[in-house]
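Position one of the sequence shown corresponds to residue 56 (the numbering used here), numbered consecutively onward.
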Amino acid sequence: MSASERRAALARAALVVVERDGVHAATTRAIVAEAGMPLGSFHYAVPSRDELLRDVVELVVEGEGDAALAALLADAVDPADAIRRTLTAYLDHVRAAPGREQAMFELTQYALRTPDLSDLPPEQYARYHGLAAQILSAAEAHLGIRWTVPVAELARLVVTITDGVTLGWLADRDDVAAERTIDLAARALAPFAEPASASAATSAPSA
56 MSASERRAAL ARAALVVVER DGVHAATTRA IVAEAGMPLG SFHYAVPSRD ELLRDVVELV
116 VEGEGDAALA ALLADAVDPA DAIRRTLTAY LDHVRAAPGR EQAMFELTQY ALRTPDLSDL
176 PPEQYARYHG LAAQILSAAE AHLGIRWTVP VAELARLVVT ITDGVTLGWL ADRDDVAAER
236 TIDLAARALA PFAEPASASA ATSAPSA
């Protein structure tokens, strides 16, 4: 295996360990054992364990994005329906791997307390915000709408909602309550959309 292939395999193994046992258990020995590699191969591929945690964040964010975009581009009929489908797909992703989402919160808290990783939380949330903005922009094209507030601001609100839904569900595992929260969120966010044609007509110069 090349160094880059080893690093990718170690990141996948680290994700398994963190998801199963928590960040505190993700030692270099535990990670290489999960990957089926000798200990010496770790530092051949990765400068440090903390550096590998960045790769773990990237793996998880990519998976969340695929789940959300797949739902959005399905059969949504209006903004509320698109938002509901997207947030429900995200919740399904959480329910399928609750340990993984719990680990992501743990990684954020760990990084906030680790000087060498001080740039990871803002980087992590910049990726979340960017993904949400991508989904919102895709909704505009898919539904023929425009958002009446800046997409970047709406993206931060969507991430705040998903964080809340995730933490709430991890705490009580109440599917019905989480789905009701998603429905309320969809109804609250939908009024920020208007038909793109209406926007064009409003901005067109008068004859």
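Cβ coordinates follow ideal geometry from the N, Cα and C atoms, glycine included.
Thinking C-alpha only, which one of the options is nearest residue i?
{"i": "A100", "options": "E60, T169, V111 and A240", "result": "E60"}
{"i": "S173", "options": "L94, E106 and M92", "result": "E106"}
{"i": "A233", "options": "G223, V206 and R242", "result": "G223"}
{"i": "H186", "options": "T163, M56, A63 and V116", "result": "It should be pointed out that residue 186 corresponds to Leu in this sequence rather than to His. Answer by Cα proximity: V116."}
{"i": "W202", "options": "M92, L114 and A248", "result": "A248"}
{"i": "V112", "options": "G95, P134 and V78", "result": "V78"}
{"i": "V149", "options": "S57, P246 and R228", "result": "R228"}
{"i": "V327", "options": "P134, V206, L191 and L114", "result": "This structure cannot settle anything about residue 327, because the visible part of the chain is limited to 56 through 262."}
{"i": "V204", "options": "R182, S252 and A188", "result": "A188"}
{"i": "D218", "options": "A245, H197, H184 and M56", "result": "H184"}
{"i": "R182", "options": "V213, A137 and S57", "result": "V213"}
{"i": "D130", "options": "A58, L167, V71 and A194", "result": "A194"}
{"i": "L191", "options": "L239, I216, A166 and P134", "result": "P134"}
{"i": "L94", "options": "A80, L65 and L239", "result": "L65"}
{"i": "D136", "options": "M92, H197 and S252", "result": "H197"}
For residue i, which residues from the same chain have a beta carbon less than 7 angstroms from its beta carbon, with the 5 sequence-adjacent residues on both sides left out?
{"i": "Q157", "result": "L225"}
{"i": "A68", "result": "I86, E89 and A90"}
{"i": "P250", "result": "G199 and I200"}
{"i": "P153", "result": "L225"}
{"i": "D171", "result": "D105"}
{"i": "L244", "result": "I138"}
According to DSSP, is residue i helix, strand or coil?
{"i": "M177", "result": "The sequence shown places Pro at residue 177, not Met. Here P177 sits in helix by DSSP."}
{"i": "R139", "result": "helix"}
{"i": "P170", "result": "helix"}
{"i": "P250", "result": "strand"}
{"i": "A262", "result": "Low per-residue confidence applies at A262: pLDDT is 44, beneath 50, and the placement is therefore not dependable, though the value from the model is reported in the following sentence. Coil."}
Output needed for residue i: all residues of its chain with C-beta closer than 6 angstroms, excluding positions within five of it in sequence on either side, in chain order.
{"i": "F97", "result": "T83 and V87"}
{"i": "I216", "result": "A240"}
{"i": "S252", "result": "none"}
Spatial neighbours of residue i within its chain, please: CB distance less than 8 angstroms, with the 5 preceding and 5 following residues excluded, ordered by chain position.
{"i": "I237", "result": "R139, L142, T143, L146 and V220"}
{"i": "L162", "result": "V73, V78, L108, V111, V112, L175 and Q179"}
{"i": "R268", "result": "Given a span of 56 to 262 for the chain in the structure shown, any question on residue 268 remains unanswerable."}
{"i": "A207", "result": "H184 and A188"}
For the ligand SAM, is there any heavy atom lying closer than 7 angstroms to the beta carbon of residue i?
{"i": "V132", "result": "Questions concerning the ligand SAM fall outside what the structure shown contains, since it holds no ligand whatsoever."}
Is residue i buried or exposed, if buried means 16 or more other CB atoms sit within 10 Å of its CB?
{"i": "R327", "result": "Because the chain spans 56 through 262 in this model, residue 327 falls outside it and cannot be assessed."}
{"i": "A166", "result": "buried"}
{"i": "L70", "result": "buried"}
{"i": "A81", "result": "buried"}
{"i": "A241", "result": "buried"}
{"i": "R155", "result": "buried"}
{"i": "M159", "result": "buried"}
Measuring only between beta-carbons, confirm whether residue i sits less than 8 angstroms from chain C.
{"i": "A226", "result": "Absent here is chain C; the protein component of the structure consists of one chain."}
Next on the checklist: To test your reading of the DSSP string, which unbroken beta strand (DSSP E) runs of 3 or more residues are found completely within the stretch 212-247?
Outcome noted: none
Item to check | Contiguous alpha helix (DSSP H) assignments of at least 4 residues, all confined to the stretch 69-129 | outcome: 83-90, 95-100 and 104-127
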